[in-house]
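Below is one structure, written out as structure tokens; comments come after it.
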Amino acid sequence: MMLVEILIAGFGGQGIISTGQLLAYAGMRAGLHVAWIPSYGPEMRGGTANCGVTLSDTEIGSPLVTEPGVLIAMNQPSFDKYAGTVVPRGVILYNSSLAKDSHGRRDVLMVGVDANRIAEELGNVQVAANVVLGAYLGLSGVISVSAAVEALEDVLPPHRHRLIPANRAALERGAAFGVSCREGGSAVG
Amino acid sequence: MPKVLMKGNEAFGEGAIRAGCRCTFAYPITPQSELTHFLARRLPEIGGVFVQAESEVSAINMVYGAAAAGARVLTSTSSPGISLMQEGLSYIAGARLPCVVVNVMRGGPGLGNIAPAQGDYWQAVKGGGHGDYRLIVLAPASVPEIIALMELAFDLADKYRNPVMVVGDGVLGQMMEPVELESGEIRTAPEKPWATTGQGDRPQRNVINSLHIVPEDNERFNLDQAAVFAEIRRREQRSEEYRTEDAELVLMAFGTVARVAKAAVDRARARGIRAGLIRPITLWPFPDESVRRAAAQAQQFLVVEMNLGQMLEDVRLSVNGKRPVHFYGRPGGTVPTVREILDEVSRIMG
Chain A
79 MMLVEILIAG FGGQGIISTG QLLAYAGMRA GLHVAWIPSY GPEMRGGTAN
129 CGVTLSDTEI GSPLVTEPGV LIAMNQPSFD KYAGTVVPRG VILYNSSLAK
179 DSHGRRDVLM VGVDANRIAE ELGNVQVAAN VVLGAYLGLS GVISVSAAVE
229 ALEDVLPPHR HRLIPANRAA LERGAAFGVS CREGGSAVG
Chain B
275 MPKVLMKGNE AFGEGAIRAG CRCTFAYPIT PQSELTHFLA RRLPEIGGVF
325 VQAESEVSAI NMVYGAAAAG ARVLTSTSSP GISLMQEGLS YIAGARLPCV
375 VVNVMRGGPG LGNIAPAQGD YWQAVKGGGH GDYRLIVLAP ASVPEIIALM
425 ELAFDLADKY RNPVMVVGDG VLGQMMEPVE LESGEIRTAP EKPWATTGQG
475 DRPQRNVINS LHIVPEDNER FNLDQAAVFA EIRRREQRSE EYRTEDAELV
525 LMAFGTVARV AKAAVDRARA RGIRAGLIRP ITLWPFPDES VRRAAAQAQQ
575 FLVVEMNLGQ MLEDVRLSVN GKRPVHFYGR PGGTVPTVRE ILDEVSRIMG
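Residue numbers (our numbering), protein chains in the order written: chain A, 79 to 267; chain B, 275 to 624.
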């Protein structure tokens, strides 16, 4: 049985919500059961945003992600708040442009992605979250990157489809990095 | 049709539209506000009407009026808003009018919080307003089921001329899941010869109110309604049973927490514990037939709720002392985890 619970967290405006939806759509295209849920409570008011995505090959029980197997932390407050909730042998991918590994956990795979820098190289810092999502897909192989690329048109409304090339590049750059982490054993880049 | 990801709150609205509902009167409140946003945008596009009322009290009375005129009509709110609507709901029930009310439940009592909860079970199934009346109460547990049960809600409301409540919670309202929107036909309301649509060719005016000033007249009205409620009890019980065939321990849960309980059943089975789940889909009529059948074989029951134990009482009435009925619940806007339920299962079966 395959069940992956992913928490994506960051500042409002970093595309957290839509990156989560992109992952859910990609999972759906890959034939998996998917659920997506945002945080909508008072924790939103500190300027942080997060959402949980569950991917499974069987029916999904609770869509709430309280003990994530995977954390994508796009800023330091998110890393600080959620790094401790990841299950042992889980994965933490963090945006090393804005966050440091303040936790030092040894029982998880810790991967820093210089996401803002890569996104700026691609000409749009707003695609940083998708760089990290790409890294996760490259690292884990849970869903193909091409499924995520195809899902961009599901998530972006038609008037935003001009943003597809930048997002596609972000996913692919991230994925290449993720694959290199898997192959080379390097965990910070 | 390709699948799309849809938010639970939008699915309530989509289901209402597919059921032929073209009138919604509501006042926004978290965690159901996307429902009102969705219908405020969609209904005018298809020739319907959405009015944001000045309060929940006003919204339910607009529903009363539209229902009297024969429309398929919806209102939607969350727990505190439902409390404000109780007078109107009693009047609507007393006037024998069909309508659908959505309650996306949040933590209570009082202002509480906006987190997911199931603390309004009693209010939904035992009344809330005054007088002898019943709401038909449906409890979906997934986004696709929200759409299906909204369609059913309007049909049942019209069939029995009775208000129907569809209850969700913050999780169901906020989560997105894939739905396949069949291009099936949009339903329409049946003929309603009792509606106040102008006298027309009728020999007499239709009058709708809930006033029966002579006690014996009101008694007759109540007894007629009792017959309707008995028929609903007989014909409309719905539940989902999961791995109950050989279950020694039957879990009972509805809505969001039923999903968690189902995952706990699988984990318990993997540990060699013969567990099963009954998920009531109709909270009223309560599916007591399923529970009675299960009680013939299962040794024990465990009710799991996002409250202090409300459906628990209906399970105990159905089991009628034949088996022990245990309870695990988290109130106030918290959701039991698979692990917590599993611990409780192990404790009972250990």
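Glycine is no exception: its CB is placed at the ideal position from the N, C-alpha and C atoms.
Under the DSSP definition of a beta bridge, Lys277 (chain B) partners with B:Glu454. Within the segment 300-357 of chain B, the complete alpha helix (DSSP H) runs of at least 4 residues fall at 307-319, 330-342. Listed in chain order, the beta strand (DSSP E) elements of length 3 or more contained wholly in the segment 506-556 of chain B are 513-516, 523-526, 549-554. When C-alpha distances from Ala345 (chain B) are compared across B:Leu423, B:Arg435, B:Ile487, the shortest belongs to B:Arg435. Rounded to the nearest angstrom, the gap between the Cα atoms of Leu110 (chain A) and Pro452 (chain B) is 10 angstroms. As summarised for the segment 168-229 of chain A, the continuous alpha helix (DSSP H) elements at least 4 residues long and confined to that stretch are 193-199, 206-218, given in chain order.
Contacts between Leu241 (chain A) and chain B, judged by CB atoms closer than 8 angstroms, are missing: the closest CB pair is about 19 angstroms apart.
If you compare the alpha carbons of B:Gly529, B:Ala504, B:Glu505 with that of Ser513 (chain B), the shortest gap goes to B:Gly529. By the beta-carbon neighbour count (other beta carbons within 10 angstroms, threshold 16), Gln574 (chain B) is buried. Straight across, the Cα-Cα distance linking Ala527 (chain B) with Leu133 (chain A) is about 23 angstroms.
Secondary structure note for Trp396 (chain B): its alpha helix (DSSP H) is the uninterrupted segment 395-400. For Met106 (chain A), at least one C-beta of chain B is nearer than 7 angstroms to its own C-beta. If you ignore the 5 residues before and after Arg507 (chain B), its C-beta comes within less than 6 angstroms of the C-beta of Pro559, all in its own chain and listed in chain order. When secondary structure is reduced to three states using DSSP, Ile420 (chain B) falls in the helix class. Taking C-beta atoms under 8 angstroms as the contact rule, Ile555 (chain B) and Ala413 (chain B) qualify, at a distance of about 6 angstroms.
Neighbourhood of Pro305 (chain B) in chain A, by CB distance below 7 angstroms: Tyr118, in chain order. In the DSSP assignment, the residues bridged to Tyr602 (chain B) are B:Val578. For Asn377 (chain B), DSSP records a beta bridge to B:Thr351, B:Val441.
According to DSSP, His111 (chain A) shares a beta bridge with A:Ser134.
For Val612 (chain B), the neighbours in chain A by C-beta distance under 9 angstroms run, in chain order, Gly139, Ser140.
Here the alpha carbon of Ser350 (chain B) sits roughly 13 angstroms from the alpha carbon of Cys295 (chain B).
A distance below 7 angstroms separates the beta carbons of Ala248 (chain A) and Asn208 (chain A). Selection B:Ala415, B:Val488, B:Pro276, B:Ile291 evaluated against Arg553 (chain B) yields B:Ala415 as nearest (Cα-Cα).
Counting the other CB atoms within 10 Å of its CB gives Gln306 (chain B) a total of 16 or more, which places it among the buried residues.
Using a CB distance cut-off of 7 angstroms, Glu519 (chain B) does not count as an interface residue toward chain A.
Between the C-alpha atoms of Val331 (chain B) and Ile366 (chain B) there is a straight-line separation of about 13 angstroms. For Val612 (chain B), the enclosing alpha helix (DSSP H) stretches over residues 612-623.
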